[in-house]
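**Student:** One structure, pasted below without further comment.
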Amino acid sequence: MLAQFTPSALADLANCMLRIPLALQQPSSVAMTLPSLTSFMPHFGAPALLLLQLLAALPAAAAEDDARPLRFSVMESWSMPLVRLERGQPIDGIVYDITRSLARQVGRKALYHPYPRGRIEQAMNAGEIDVRCYISPAWLSHDFPGYRWSVALLVQRDILVAREGFAPIPEALPAQRIGTVLGYSYPRLQALFDIGRLRRDDARTQDLVLEKLRAGRYRYAVSHQLSLHWSNRQAPGQPPLQEAAQLEETAVGCLVRDSTEVPVEAILKTFEEMKRSGEIEEILQRYR
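In terms of the UniProt record's numbering, the sequence shown has 199 at position 199, counting the first letter as 1, and numbering is strictly consecutive.
Set out below in structure tokens:
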């Protein structure tokens, strides 16, 4: 095959092949390599075409590597199915799946920072967080003008949970302790907490609240529906906890930092497409 080339053409081919290792190390040099290699395609066919495709993909891959990662917040108090933390980093869960997919679709790496509940708004004010997900305006102490809201991605349904049977409306419950998550607010029950008819029995995470309910520490607890479904799924040999009464429904989405360092429009459009296409619902179904 090489006999059909002139000495000058063979020298050009050798020079082209010598450039390929440089292109692999420095993708910006691909532009110098592709034209030379293209001239040899009629003679080398499919192998040359495959090599061309690999080289052409290098600049895009390099751009993703060079771009600053997106900094996502996660709450230390979250538990499954929202997120599973291992050594301070998420490895599973609804929020993890949503944010990881978003980062991939906008061509950025994802960097996760766990925060205690009392620290996260301070971090937002300092511009330390690019994207904060699973949040509602009703849960914020004030507005954040440096951030923009995504579309609502899902609905959190807070429910009163019992080991068995149903409850009267919450306002008719007799005086007792009720399982709650430390730092969480429950507007429907707040007046009952204020007058002392219901007393909070706080646990650090939602899954601990439901574990204490199963153990008989109290008759009722507050949980969001996703956590209840997950808890029952993880305890197949035990009687399932029951939805006793619905308390509130809250639409939740994400806050995106409005900065030139962040591809804001691409992120917001990607969230819209993830919702429209059914990707968000597919993620939720994996944890129900």
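The beta carbon of each residue, even a glycine, is placed where N, CA and C say it ideally should be.
Note that the structure is predicted; figures quoted are calculated from it, not measured.
(1) Quick check: P81 and I98, are their CB atoms within less than 8 angstroms of each other?
(2) In terms of residues, what are the limits of the beta strand (DSSP E) holding L153?
(3) If I follow the unbroken alpha helix (DSSP H) through residue 291, where does it start and stop?
(4) Compute the beta-carbon to beta-carbon distance between L153 and V252, rounded to the nearest angstrom, for a pair I have assumed lies under 8 angstroms.
(5) If I measure Cβ to Cβ from N232 and keep anything under 7 angstroms in the same chain, skipping five residues before and after, which residues do I get?
(6) For S150, which option in Y287, E279 and K275 has the closest C-alpha, if you only look at C-alpha atoms?
(7) When every heavy atom of the ligand ZN is checked, does at least one fall within less than 7 angstroms of the C-beta of V151?
(8) Roughly how many angstroms separate the alpha carbons of S141 and Q285, rounded to a whole number?
(9) Could you tell me whether the region 117-135 touches the region 65-80, where touching means 3 or more Cβ pairs closer than 8 angstroms?
(10) What whole-angstrom Cβ distance do L182 and R204 have, given they're in contact under 8 angstroms?
(11) Quick test of your reading: V155 and E249, contact by CB under 8 angstroms. State the CB separation rounded to the nearest angstrom.
**Tutor:** From the atom records:
(1) no
(2) Segment: none, L153 is in no beta strand (DSSP E) and carries neither H nor E.
(3) For residue 291 there is no data in the structure shown, the boundaries of the chain being 1 and 288.
(4) 7 angstroms
(5) Cβ neighbours of N232 beyond the five flanking positions: P240 and L241.
(6) K275
(7) Ligands displayed in this structure: none; no statement on the ligand ZN is therefore possible.
(8) 31 angstroms
(9) yes
(10) 6 angstroms
(11) About 6 angstroms; that satisfies the 8 angstroms criterion.
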